[in-house]
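The listed protein sequences derive, respectively, from chains A and B. Heads up: the first sequence runs through residues 30 to 307, numbered per this note's numbering. Heads up: the second sequence runs through residues 30 to 307, numbered per this note's numbering. Glycine included, C-beta positions come from ideal geometry on N, C-alpha and C. Take a look at the structure set out below.
Number of protein chains: 2
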Amino acid sequence: MGGSLAAALRGRQQAHWIIGYDTDAKACLRGVELGLLDASAASPAQAVRDADLVVLATPVGAVPDLLAQIADAIGLATILTDLGSTKADVIAAARHALGPGFERFVAGHPIAGGERPGLEHADPDLFEGCTVVITPAAQTRLEALERIEALWRSCGARIERMQAEEHDRILACVSHLPHVLAFALVAQIAGQPDAQRKLALAGAGFQDFTRIAASSPVMWRDIALANRVALGQELRAFVATLEDVEQALAAGDAQWLEQLFELASRTRRTSTGGAHGQ
Amino acid sequence: MGGSLAAALRGRQQAHWIIGYDTDAKACLRGVELGLLDASAASPAQAVRDADLVVLATPVGAVPDLLAQIADAIGLATILTDLGSTKADVIAAARHALGPGFERFVAGHPIAGGERPGLEHADPDLFEGCTVVITPAAQTRLEALERIEALWRSCGARIERMQAEEHDRILACVSHLPHVLAFALVAQIAGQPDAQRKLALAGAGFQDFTRIAASSPVMWRDIALANRVALGQELRAFVATLEDVEQALAAGDAQWLEQLFELASRTRRTSTGGAHGQ
């Protein structure tokens with residue numbers, strides 16, 4: 030997603046010198062070859078030196094270390110943002126690492142994705158029409174906030190401001206839990222001795238689950254742990270719903286099942302939710 | 030799916046006179062207008078009189094009543110089949126309703142679908158490359174079995190024969206459980222006071238769930254109840270997996286979570302499962 034943001038900013042003349050850093054140095058050199066990046070830095074500290082804007086585009090679990098590595102190299106006017114799928118943990122890490130610089134950190138989460146990983150698949154129009162949630166803290170400077178929001182708007186995104194805790198609670202529900210369910214279901218079947226025979230008879234519904242479960246294990250491990258309290262609550266509520274389903278099945282309660290299924294089925298017909306994203 | 034089979038058979042000159050019956054008489058008349066059907070019958074019994082082949086294309090819960098209505102009208106050489114997503118219950122119903130005619134009933138389940146309902150969306154190529162599971166009983170006559178299998182092959186499908194119980198056990202796992210999970214998750218969120226706010230921030234993963242949950246509530250109520258024993262087993266196993274996830278989250282067990290997610294993620298990369306279906 031960092032690559033797509035680089036492509037979007039460059040395509041819209043919003044960035045005139047983009048320096049990349051990746052733990053995989055080859056990925057960054059490839060970005061230079063592709064014209065997405067102007068240079069590949071040897072370290073995070075080198076990448077951020079003299080930068081007007083720093084974008085953290087890593088799995089959320091890597092953010093604390095990364096911030097520690099760049100904290101001393103960041104200029105006094107540098108604005109920072111991130112693309113992480115959880116916000117309270119990222120804000121806590123930024124507050125801890127950046128000291129007074131925390132007022133120039135603007136936490137963000139573009140609800141986009143589903144794109145293939147790797148700079149080769151960077152899509153300059155990925156953010157067109159998508160929602161970017163911005164979760165400012167009390168200390169966030171308004172000018173930093175407005176600059177980041179303007180940047181996203183220039184990429185075609187719609188901004189939604191909310192508290193980090195609300196973001197994390199909502200995303201636990203509509204993103205993190207669905208991913209965990211997909212991973213758990215596919216893993217459960219994959220672990221059975223007759224997995225191949227079963228997978229060969231899987232239909233469209235199951236293919237959707239395997240597509241969701243094809244997401245990065247490391248990224249989702251980090252998200253699940255970073256948002257473990259809210260996710261744990263959603264998970265427990267869902268297990269309770271499944272236990273109700275089990276009882277209805279055992280009792281042959283056709284009406285209860287139909288009502289549950291009907292409520293879900295209606296939601297598709299009335300929802301105008303986002304078209305894509307994590 | 031009945032409409033798509035009619036379209037497929039007609040397009041391949043495998044049927045020269047197709048009579049339809051639907052509880053919604055208008056649907057059948059529309060089929061005649063569209064050229065999918067040659068005639069619309071006033072009753073199930075009228076539809077099957079003098080038929081060489083009878084195809085039951087209803088939610089599985091409607092099969093016992095339907096069989097009772099046609100049993101006396103079926104000719105002594107008529108072959109019957111169905112398209113139901115569960116097989117043991119359909120076979121039991123056919124055995125009960127058809128008496129000696131049961132030997133000409135060939136239970137089948139095309140693993141196709143995802144198509145929009147209604148005869149307007151009938152797709153003559155829906156079955157190209159799809160798998161049709163055929164679950165013969167000990168009493169099934171070989172000539173009836175071979176005739177049905179040849180019919181499906183003429184529509185481009187691949188045949189897989191197995192026991193009804195094995196079919197139901199596998200489908201509980203790779204189809205019925207995923208659908209129940211999707212219905213339950215979407216219903217759980219839809220039932221919350223801030224559902225609209227949450228749905229507006231839903232990403233691609235959740236959209237997959239709502240698409241699955243947009244399936245027919247009546248059809249899936251019937252499937253869930255018809256296959257309640259196998260589905261209940263899968264559901265309990267899945268709840269146990271979710272409880273393990275909950276524990277790993279609470280314990281902050283990053284390694285366990287990553288291993289689970291990695292197993293699921295690999296499955297997508299190695300699976301060559303069916304492209305579509307229920």
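Which residues of chain B have a Cβ atom closer than 8 Å to the Cβ of residue i, listed in chain order?
{"i": "H12/A", "result": "Coverage of chain A is limited to positions 30 through 307, which leaves residue 12/A absent and any answer about it impossible."}
{"i": "Q217/A", "result": "A266, F267, T270"}
{"i": "A136/A", "result": "The contacting residues do not exist; A136/A stays about 15 Å from chain B at best."}
{"i": "I252/A", "result": "Correct list: empty, because the minimum Cβ distance to chain B is about 10 Å."}
{"i": "G220/A", "result": "L292"}
{"i": "A242/A", "result": "F290, A293, S294, T296, R297"}
What do you get for residue i, buried or exposed, if any count of 16 or more other CB atoms within 10 angstroms of its CB means buried?
{"i": "R190/B", "result": "exposed"}
{"i": "E175/B", "result": "exposed"}
{"i": "G232/B", "result": "buried"}
{"i": "T52/B", "result": "exposed"}
{"i": "L206/B", "result": "buried"}
{"i": "A277/A", "result": "buried"}
{"i": "L171/A", "result": "exposed"}
{"i": "Q225/B", "result": "exposed"}
{"i": "A179/A", "result": "exposed"}
{"i": "I99/A", "result": "buried"}
{"i": "G40/A", "result": "exposed"}
{"i": "S72/A", "result": "exposed"}
{"i": "R265/A", "result": "exposed"}
{"i": "G130/A", "result": "buried"}
Which whole-angstrom value is the C-beta distance of residue i and residue j, which I expect to be below 8 Å?
{"i": "I218/A", "j": "L228/A", "result": "7 Å"}
{"i": "L289/B", "j": "A213/A", "result": "7 Å"}
{"i": "G261/A", "j": "E275/B", "result": "6 Å"}
{"i": "L271/A", "j": "V268/B", "result": "5 Å"}
{"i": "A36/A", "j": "D223/A", "result": "44 Å between Cβ atoms; not a contact."}
{"i": "L4/A", "j": "G137/A", "result": "For chain A, the structure presents residues 30 to 307; residue 4/A sits outside this window and is missing."}
{"i": "P146/B", "j": "V161/B", "result": "Not quite, the Cβ-Cβ distance comes to about 20 Å (not below 8 Å), so this is no contact."}
{"i": "I241/B", "j": "G234/A", "result": "5 Å"}
{"i": "D197/A", "j": "A141/A", "result": "Their Cβ separation, rounded to whole angstroms, is 18 Å, which puts D197/A and A141/A out of contact at 8 Å."}
In terms of alpha-carbon separation, which member of the options lies closest to residue i?
{"i": "R187/B", "options": "S114/B, L206/B, I163/B, I199/B", "result": "I163/B"}
{"i": "A54/B", "options": "A36/B, A76/B, R39/B", "result": "A76/B"}
{"i": "L254/B", "options": "A280/A, A56/A, V258/A, L180/A", "result": "A280/A"}
{"i": "A70/B", "options": "I47/B, D94/B, L63/B", "result": "I47/B"}
{"i": "P246/A", "options": "V89/B, V258/B, L286/B", "result": "L286/B"}
{"i": "A283/B", "options": "A266/A, S294/A, R250/A, L292/A", "result": "R250/A"}
{"i": "M30/B", "options": "E195/B, D94/B, A74/B, D154/B", "result": "D154/B"}
{"i": "C199/B", "options": "A97/B, R257/B, T239/B", "result": "In the sequence under discussion, the amino acid at residue 199/B is Ile, which differs from the Cys named in the question. When each option's Cα is compared against that of I199/B, the closest is R257/B."}
{"i": "Q168/A", "options": "W181/A, A121/A, C159/A", "result": "A121/A"}
{"i": "A293/A", "options": "F238/B, L230/B, R124/B", "result": "F238/B"}
{"i": "M248/A", "options": "H45/A, A86/A, L38/A", "result": "A86/A"}
{"i": "E291/A", "options": "T296/B, A243/B, D273/B, R295/B", "result": "A243/B"}
{"i": "S182/A", "options": "C159/A, Q192/A, E194/A", "result": "Contrary to the premise, residue 182/A reads as Arg rather than Ser in this sequence. That would be C159/A, whose Cα lies nearest to the Cα of R182/A."}
{"i": "Q42/A", "options": "D94/A, C184/A, G128/A, R124/A", "result": "C184/A"}
{"i": "L105/B", "options": "R133/B, V84/B, T296/B, A123/B", "result": "R133/B"}
{"i": "D273/A", "options": "A216/B, I177/B, Q236/B", "result": "A216/B"}
{"i": "L230/B", "options": "Q236/A, H208/A, G32/A, S204/A", "result": "S204/A"}
Once the 5 residues before and after residue i are set aside, which same chain residues still bring their CB inside 6 Å of it?
{"i": "P165/A", "result": "L174"}
{"i": "G49/A", "result": "C57, G60, L66, S69"}
{"i": "A80/B", "result": "T107"}
{"i": "A126/B", "result": "L96, A97, A100"}
{"i": "R78/A", "result": "A102"}
List, in order along the chain, the chain B residues whose C-beta lies closer than 9 Å to that of residue i?
{"i": "P88/A", "result": "The premise fails here: P88/A is roughly 11 Å from chain B at the closest Cβ pair, so nothing lies under 9 Å."}
{"i": "G164/A", "result": "According to the sequence provided, residue 164/A is Thr. The question's Gly does not apply to it. Result: empty, since nearest Cβ-Cβ is about 12 Å, beyond 9 Å."}
{"i": "G281/A", "result": "L254, R257"}
Anything in chain B within Cβ reach of residue i, meaning under 7 Å, just list it in chain order.
{"i": "K55/A", "result": "Ordered by position in chain B, no residue passes the 7 Å Cβ test against K55/A, which lies about 21 Å from the chain."}
{"i": "I140/A", "result": "L230, G232"}
{"i": "P246/A", "result": "E287, F290, E291, S294"}
I want to verify the contact list: residues of chain A whose CB lies under 8 Å from the CB of residue i, in sequence order.
{"i": "L278/B", "result": "A253, L254, R257, L260, G261, L264"}
{"i": "K227/B", "result": "I199, C202, V203"}
Once the 5 residues before and after residue i are set aside, which same chain residues still bring their CB inside 7 Å of it?
{"i": "E263/A", "result": "A201, C202, L206"}
{"i": "V89/A", "result": "G113, S114, T115, D118, V119, D251, I252, A255"}
{"i": "T301/A", "result": "Unreliable positioning characterises T301/A in this predicted model, as indicated by a pLDDT of 44, which lies under 50. A coordinate reading is not provided."}
{"i": "A91/B", "result": "none"}
{"i": "A193/A", "result": "K116, A117, I120, A136, T164"}
Name, please, each residue of chain C whose Cβ falls closer than 7 Å to the Cβ of residue i.
{"i": "H208/B", "result": "Here the protein chains are A and B, and chain C is not one of them."}
Quick one: list the residues of chain A neighbouring residue i, beta-carbon separation under 7 Å, in chain order.
{"i": "F212/B", "result": "L289, F290, A293"}
{"i": "V274/B", "result": "V209, A213, L264"}
{"i": "W181/B", "result": "In chain order: nothing, as chain A lies at least about 15 Å away."}
In chain order, what residues of the same chain have a beta carbon less than 8 Å from the beta carbon of residue i, not counting five sequence neighbours either side?
{"i": "L63/B", "result": "L148, E149, A151"}
{"i": "A44/B", "result": "A35, L38, L82"}
{"i": "Q221/B", "result": "K227"}
{"i": "A74/A", "result": "Q98, I99, D101, A102"}
Could you tell me which chain A residues have their CB closer than 9 Å to the CB of residue i, listed as they occur along the chain?
{"i": "T160/B", "result": "A229, L230"}
{"i": "G31/B", "result": "Simply none; closest approach about 18 Å."}
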